[in-house]
Structure formats: structure tokens, C-alpha cells
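Chains as they are written, first to last, in our numbering: chain A, 1111 to 1296; chain B, 1111 to 1296.
C-beta: ideal position from N, C-alpha, C; glycine also.
Just so you know, these numbers come straight off a predicted model, no measurement behind them.
Step one of this worksheet: look at the structure below.
Number of protein chains: 2
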Amino acid sequence: MADLYLALLHHPVYDKNGAIVTTAVTNMDVHDIGRLARTFAVRGFYVCTPVPTLRRLVTRILRHWETGPGSVYNATRKEALATVRLAEDLDGAIADVERETGSLPRVVATSARGGPDRLSFGRLRERLAKPGRPELLVLGTGWGLAREVLARVDDLLEPIGGCGDYNHLSVRSAAAIMLDRLRNGR
Amino acid sequence: MADLYLALLHHPVYDKNGAIVTTAVTNMDVHDIGRLARTFAVRGFYVCTPVPTLRRLVTRILRHWETGPGSVYNATRKEALATVRLAEDLDGAIADVERETGSLPRVVATSARGGPDRLSFGRLRERLAKPGRPELLVLGTGWGLAREVLARVDDLLEPIGGCGDYNHLSVRSAAAIMLDRLRNGR
Chain A
1111 MADLYLALLH
1121 HPVYDKNGAI
1131 VTTAVTNMDV
1141 HDIGRLARTF
1151 AVRGFYVCTP
1161 VPTLRRLVTR
1171 ILRHWETGPG
1181 SVYNATRKEA
1191 LATVRLAEDL
1201 DGAIADVERE
1211 TGSLPRVVAT
1221 SARGGPDRLS
1231 FGRLRERLAK
1241 PGRPELLVLG
1251 TGWGLAREVL
1261 ARVDDLLEPI
1271 GGCGDYNHLS
1281 VRSAAAIMLD
1291 RLRNGR
Chain B
1111 MADLYLALLH
1121 HPVYDKNGAI
1131 VTTAVTNMDV
1141 HDIGRLARTF
1151 AVRGFYVCTP
1161 VPTLRRLVTR
1171 ILRHWETGPG
1181 SVYNATRKEA
1191 LATVRLAEDL
1201 DGAIADVERE
1211 TGSLPRVVAT
1221 SARGGPDRLS
1231 FGRLRERLAK
1241 PGRPELLVLG
1251 TGWGLAREVL
1261 ARVDDLLEPI
1271 GGCGDYNHLS
1281 VRSAAAIMLD
1291 RLRNGR
């Protein structure tokens, strides 16, 4: 099986007016997506932010659960947060995956917007089921990944789609659905 | 199609030591599951808590997004939170569904634990695809729904299952995966 990695980008992403911003790291994202990563055999989950103070904040959260009071309070959370890693940006995550696996990952961006040539969940699941280059799934915060990120990735994953045209899921919900589809079929 | 409803119970649920407790309402649950409900055509999402102060808190959150500053700031959130309703407990949610639809819902509890005679996602999806009694999917907070709830429901839904035996998803993640499976197959 090819290794699966996740990266959650806090920059460059859009705000609701289409301006490029840096969003704050949300504690709940780290926990929820860490638990998903542990559940669905993601080898590493990169929280990417260019803000040193926010990287320090995440380090403190991780320390709390790894060796601090949290490690005794809830061992399953410790296990989930062991998947979490820090990076300044997407390049930092890519470099770290390459260092760990010896090969450059294929970078797959996610977006709630559709478009031509989207990679289907089925096709990505097939790639993951065979030995091959690691796959790095990139999730955006705010109102989604900036065009400059989408322009440089290897693939764009198809949007999730619900029962109508409402497509405003939280990144936590989107990550849950994507990982379930990639690991449990359809 | 049969109507689908959700209920998020804050009592009676277990804490990590197996004691029955009332958990606090989490703002992020209301938002994330409200957005999921809107995406996946859930007719009503009941936040159930016996604590009047917490029901008032949710009412204030809803008002902020419905008619307050939030309604102008983010119209998609207003739309999502329009699915949210309040109830004291499961009975309150059941009664409200019956009032709205004219028939008593089938109550389907969710649990991370497996066991005999679990209702499969495929079977529940089939029930939803046909006209029939409304279905009320019950989600627990804390460490899961108390036995007294599980004992009185019509069905227990099969657990989600990941790539190993780790099964500690957040209720937000579990709701996302369940609704995607029920609406988008498998």
C-alpha cells in the first residue's frame, strides 16, 4: 500500500471576500483530524502555519496530551495526536514526507468546487491500494486553498457533494468523509 | 423518501469511567452537524440537553446567526443553523418529529461498539430511499449513549470501523461519515 499523508494549510487560503489570508490554528481541527488520521491509517498529519506562535501553541497542545496531564487522562487521545506534525508550509510537509519515505509524494489538493479533470475518490483509492509514491492530501482552512496552491499540485480531488448544491462543510467534516471514502470504498 | 432526523444527546451518556453524566453543549457540534444536516438533507437536527442554561446558550447562538450579526456575516451558516432545534431529551425530539410528520419515527441509535443484530448502513439507506416512517438517528456525546437509551431504540446502527481497532472518532466526524454513507452509498 502507498503511504497516505495529510496536510492542513492555514496559508495561503481565502477569506470569505476572496482575499488571501492566514487563518488561526483551531484546536478542534488538530484533535478531530488527528483522531481521523489514527483511525484511517494516515502516516502523518501536518498542521501547516507560517506563524511561529501558532506552531508553538500546537507544540504545547501536543505536549499536554503526549507527556503532560492529558496522557494520563485519555490515552486514546495521546495515540491520535501522535500522528500530528508541524510544518511552516506545504513545502515543509512535502520535504518531510520525502525525508521519511525516500520519495516525493504526489500532492492532491481538495476543494469544495468542482471543475474539469478532477481525480475521483475511486481512482485515488486504487493508487493507495498499490505500492507506489506516497500521496499527500492537502486540506484548506478558511474559504479554501488559494489558486497558487491548486495550480502547483499533481491532482485535484473531486468535491464531496451532498443532496443539493449546499457545499459548506467544515474542514473537519470534509476530512472525515474523504478518509472514509478512501479507506472504506465508494 | 422517508424523512431523516438527527438527535445529539448530552444526557444520559457515559463519561470515560462509565458513569452516567450530562455533557456540556459544544458550540462546534452545533455548527458542524448543522452544516452536515443542511448538506445531507436532514429535516431537523435536535440538540438535546436537560440543562435550561445550555438550551438558552444554543438559542443565543442560533439567534446570532439567524437574525443577529452572523446572518449578515455568513449567510451559508444561517442556512445550516436553520436545521437546528432544541429538545430536553430524546422523548422531546421524538414527540416533535411525530408532531411534524404525523408518524412516530423509527429511532436508530449509533455506537462505536459492535454487537449482534446491528442495522447496516445499506439497509438504513434503503429504508430512507422509500416512503415510510421518519428515521431519527441518535448520536451520543461523551463516551457514548447510556445503556438505557440503547435498550429502548428500534435499531442499533453498525459501527463505522477504520483500518484497525482504534475507534475514537469525534461525534462530529462520526456524523459526517454516517450521513455521507446514508446519502452517497456504501
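Of the choices B/Met1111, B/Ala1222, B/Glu1198, B/Thr1193, whose alpha-carbon is the least far from that of arginine 1145 of chain B?
When only C-alpha atoms are compared, the closest one is B/Thr1193.
Hey, valine 1217 of chain A and aspartate 1264 of chain A are a contact pair by Cβ (cut 8 Å); roughly how many whole angstroms apart?
Their Cβ separation, rounded to whole angstroms, is 5 Å, which keeps valine 1217 of chain A and aspartate 1264 of chain A in contact under 8 Å.
Could you give the C-beta distance for glutamate 1245 of chain A and alanine 1134 of chain A, rounded to a whole number, given that I count them as a contact under 8 Å?
Not quite, the Cβ-Cβ distance comes to about 27 Å (not below 8 Å), so this is no contact.
Nearest by alpha-carbon distance to alanine 1203 of chain A: which of A/Thr1149, A/His1120, A/Met1288 is it?
Cα-wise, what sits closest to alanine 1203 of chain A is A/His1120.
Histidine 1174 of chain A to glycine 1242 of chain B, Cα distance in whole Å?
The alpha-carbon atoms of histidine 1174 of chain A and glycine 1242 of chain B are separated by roughly 49 Å.
Buried or exposed: where does threonine 1169 of chain A fall if 16 or more other Cβ atoms within 10 Å of its Cβ makes it buried?
Exposed.
Between glycine 1180 of chain B and the rest of its own chain, which residues show a CB-CB distance below 8 Å, the 5 nearest in sequence each way excluded?
Cβ neighbours of glycine 1180 of chain B beyond the five flanking positions: His1174, Arg1187, Lys1188.
Since valine 1131 of chain B contacts glycine 1250 of chain B with CB under 8 Å, what's their CB separation in whole angstroms?
Their Cβ separation, rounded to whole angstroms, is 11 Å, which puts valine 1131 of chain B and glycine 1250 of chain B out of contact at 8 Å.
Show which residues of chain B have a CB atom less than 9 Å away from the CB atom of arginine 1257 of chain A.
Correct list: empty, because the minimum Cβ distance to chain B is about 21 Å.
Does DSSP put arginine 1209 of chain A in a helix, a strand or coil?
DSSP places arginine 1209 of chain A in helix when its eight states are reduced to three.
May I ask you to list, following chain order, the residues of the region 1203–1214 of chain A that have a beta carbon less than 7 Å from some beta carbon of chain B?
Per Cβ criterion, the list is empty.
Let me check understanding here. Comparing Cα to Cα, which of A/Ala1261, A/Arg1195, A/Leu1247, A/Leu1167 lies closest to alanine 1285 of chain A?
Of the listed residues, the one whose Cα sits closest to alanine 1285 of chain A is A/Leu1247.
Expressed to the nearest angstrom, what Euclidean distance is found between the alpha-carbon atoms of alanine 1261 of chain B and alanine 1190 of chain A?
If you take the alpha carbons of alanine 1261 of chain B and alanine 1190 of chain A, they lie about 31 Å apart.
Determine, for glutamate 1236 of chain A, whether the minimum Cβ-Cβ distance to residues of chain B falls below 9 Å.
Not closer than 9 Å to any Cβ of chain B, the Cβ of glutamate 1236 of chain A fails to qualify, so no.
Locate the alpha helix (DSSP H) running through glycine 1154 of chain B, then write down its first and last residues.
Per DSSP, glycine 1154 of chain B belongs to no alpha helix (DSSP H); it is in the beta strand (DSSP E), 1154–1158.
Relative to chain B, which residues along the region 1145–1175 of chain A have a C-beta separation below 8 Å, given in chain order?
Within the region 1145–1175 of chain A, the qualifying residues are Arg1145, Leu1146, Arg1148, Thr1149, Phe1150, Ala1151.
Considering just the uninterrupted stretch of the beta strand (DSSP E) at leucine 1114 of chain A, what are its terminal residues?
Looking at the DSSP string, the run of the beta strand (DSSP E) that includes leucine 1114 of chain A is 1114–1119.
What are the boundary residues of the alpha helix (DSSP H) that includes arginine 1165 of chain A?
Looking at the DSSP string, the run of the alpha helix (DSSP H) that includes arginine 1165 of chain A is 1162–1176.
Report the residue from A/Leu1116, A/Ile1143, A/Tyr1115, A/Gly1274 whose alpha carbon sits nearest the alpha carbon of serine 1280 of chain A.
With distances taken between Cα atoms, serine 1280 of chain A lies closest to A/Ile1143.
Mind listing the chain A neighbours of arginine 1195 of chain B? Cutoff is C-beta to C-beta under 9 Å, in chain order.
In chain order: nothing, as chain A lies at least about 18 Å away.
Consult DSSP for isoleucine 1270 of chain B and reduce its assignment to one of helix, strand or coil.
Note: isoleucine 1270 of chain B maps to coil in three-state DSSP.
Using a beta-carbon distance below 9 Å, is isoleucine 1130 of chain A in contact with chain B?
Isoleucine 1130 of chain A does not count as touching chain B.
Can you list the alpha helix (DSSP H) stretches of 4 or more residues lying completely in the region 1181–1233 of chain A, in chain order?
Fully enclosed alpha helix (DSSP H) runs of 4 or longer: 1185–1191, 1200–1211.
How many angstroms separate the CA atom of alanine 1219 of chain B from the CA atom of glycine 1254 of chain B?
Alanine 1219 of chain B and glycine 1254 of chain B: Cα-Cα distance of roughly 10 Å.
Since arginine 1209 of chain A contacts glycine 1154 of chain A with CB under 8 Å, what's their CB separation in whole angstroms?
Not really, about 11 Å apart at Cβ, beyond 8 Å.
Would you say the beta carbon of proline 1226 of chain A is closer than 8 Å to some non-hydrogen atom of the ligand HEM?
Only the bare structure without any ligand can be found here, which leaves the ligand HEM out of the picture.
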